[in-house]
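Data block below; observations after.
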């Protein structure tokens, strides 16, 4: 029997049992669609975060509490909760880093959450303690009033620059500049309102309130350490030597004896923008692979369903198999027919799942872009297509072999006697 004839017979069989065929391929449809969706959204999230990092420039360096673990491929040796308890990063570290000749500018950061109150309006906020350099390094702009300045930092002034949305929520059409808001039992004078920035890397910067770092430490958090330091090197070529200089400074300041440069012994992490982007790729890649593998389980379940239905089909078509063998069909012909039927089901399910996965991912990217005001790009990774169709084909082949072999081994005499 020729291959094209086997395909025609397979398609006729599927058309004869439309409902059963549809239900059989449902697991494959869901599995392929899920793999496409997970990998597409995962890549979209990765691109979004990396694009945010790239806007800050390749000569940007980040310093945070915690340490790296080389055994984890450069991953974190400390968790986020552990990092919050590390209090060794200080303003002294910042000042010593600023003295480095390769440093153009640097700013510290502390952060926390609370509520901002103005008259009868009460909004949940994230407050960020910074210095004036943050506006230039991170490309922040105010459209009303002024930025936080050096005098505000030196005097720990209770002044604040509001994110665009917070200003709208608290004041509406009223001009916020010069008004007083209350954050954590402290009164702050609003000196500026930020331009609308929208959602970036899953953070809505329009919901932030910016205050002098010293003010946040003293009046809002009651701490004397920092959560992070961001540094801008004078050039991209200065980044790597500057990172080594920063590590030496911090080890000396923190009393860390580490002549061999073992990063796991440090109580801080120093990363360039490129390293941060690579870290994002690594983390999102692992997460996407994990979620995709879970989604692929649906393909296995679908394969089991195909095998069950094919076994039922062999039983139902026993007389047909016997008749075909009686008129000259070989075992190989019967085997090929049932294998082709199994693979046809998985391929049709794969095509439907692929179309469904693309449609869902495209719709999700449009909704995320409009709803969250972020630049979410629709991406279909080539690997997702190969993985989806490849696994679907293998599933059809593997789970179709046993029923096909069972059909091929039937004795024509016994098959013709079957009722």
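Numbering (this note's numbering), first residue to last: 199 to 617.
Note that beta-carbon positions come from the ideal geometry of N, C-alpha and C, so glycine has one too.
| Check | Outcome |
| --- | --- |
| Closer than 8 Å is the cut-off here; do at least three beta carbon pairs connect the region 530-542 with the region 594-606? | yes |
| In the DSSP output, what is residue 327 paired with across the bridge? | 308, 409 |
| Residue 443 to residue 425, Cα distance in whole Å? | 20 Å |
| Taking the alpha-carbon of residue 435 as reference, which of 509, 210, 259 has the nearest alpha-carbon? | 259 |
| Would you kindly work out how many angstroms separate the C-alpha atoms of residue 504 and residue 222, rounded to a whole number? | 6 Å |
| DSSP three-state call for residue 271: helix, strand or coil? | Per-residue confidence for residue 271 stands at a pLDDT of 47, beneath the threshold of 50, marking its modelled position as unreliable; the derived number appears in the next sentence. Three-state result, residue 271: coil. |
| Starting from residue 263, trace the alpha helix (DSSP H) in both directions and tell me its first and last residue. | Note, residue 263: premise wrong, no alpha helix (DSSP H); beta strand (DSSP E) at 258-263. |
| Could you pull the start and end residues of the alpha helix (DSSP H) that residue 441 belongs to? | 437-451 |
| Tell me, which residues are paired with residue 301 by DSSP? | 431 |
| Quick check on DSSP: helix, strand or coil for residue 285? | coil |
| Taking just the CA atoms, how far does residue 591 sit from residue 214? | 23 Å |
| Taking its Cβ as the centre, do 16 or more other Cβ atoms sit within 10 Å of residue 508, making it buried, or is it exposed? | buried |
| Of the residues 580, 523, 531, which one's Cα is nearest the Cα of residue 205? | 531 |
| Excluding the five sequence neighbours on either side, which residues of its own chain have a C-beta within less than 8 Å of the C-beta of residue 329, listed in chain order? | 305, 306, 346, 348, 351, 410, 411 |
| So residue 577 and residue 238 are supposed to be a Cβ contact under 8 Å. How far apart are they, rounded? | 6 Å |
| Given residue 437, which residues of its chain have a CB within under 6 Å of its CB, disregarding the five upstream and five downstream residues? | 257, 431, 470 |
| I need the straight-line Cα distance from residue 557 to residue 240, nearest angstrom please. | 16 Å |
| How would you label residue 285, buried or exposed, when you count the other beta carbons within 10 angstroms and need 16 or more for buried? | exposed |
| Restricting to Cα atoms, I'd like to know which of 261, 302, 517 is closest to residue 288. | 261 |
| Buried or exposed, going by whether 16 or more other CB atoms sit within 10 Å of the CB of residue 524? | exposed |
| Looking at the secondary structure, which residues open and close the alpha helix (DSSP H) in which residue 367 lies? | 362-369 |
| Could you tell me the distance, in whole angstroms, from the CA atom of residue 244 to the CA atom of residue 489? | 14 Å |
| For residue 271, I'd like the list of residues in its chain whose CB is within less than 8 Å of its CB, leaving aside the five on either flank, ordered along the chain. | Low local confidence applies: a pLDDT of 47 at residue 271 is under 50, so the model's placement there is unreliable, and no value is given. |
| Run the CB neighbour count on residue 368, radius 10 Å, all protein chains shown included, and call it buried at 16 or more, exposed below. | buried |
| Could you tell me whether any non-hydrogen atom of the ligand SAH is closer than 8 Å to the CB of residue 481? | This structure lacks the ligand SAH, and indeed carries no ligand of any kind. |
| Verify whether the separation of the beta carbon atoms of residue 361 and residue 406 is less than 9 Å. | yes |
| Residue 311: which of 298, 326, 212 sits nearest, CA to CA? | 326 |
| How is residue 320 classed by DSSP in three states: helix, strand or coil? | strand |
| Is it buried or exposed for residue 331, if we count other Cβ within 10 angstroms and need 16 for buried? | buried |
| Would you mind reading off the limits of the alpha helix (DSSP H) that contains residue 517? | 516-524 |
| Skipping 5 residues on each side, what residues in its chain have a beta carbon closer than 7 Å to that of residue 417? | 356, 384 |
| Out of 370, 308, 364, 511, point me to the one whose CA is closest to residue 415's CA. | 308 |
| In whole angstroms, give me the CA-to-CA distance for residue 274 and residue 207. | Note that residue 274 scores a pLDDT of 49, beneath 50, so its modelled location is shaky; the value from the coordinates is reported in the next line. About 57 Å. |
| Which value, in whole angstroms, describes the spacing of the CA atoms of residue 516 and residue 510? | 10 Å |
| Mapping the DSSP letters down to three states, classify residue 490 as helix, strand or coil. | helix |
| Kindly list the residues whose CB is nearer than 6 Å to the CB of residue 212, restricted to its own chain and excluding five residues on each side of it in sequence; keep chain order. | 219 |
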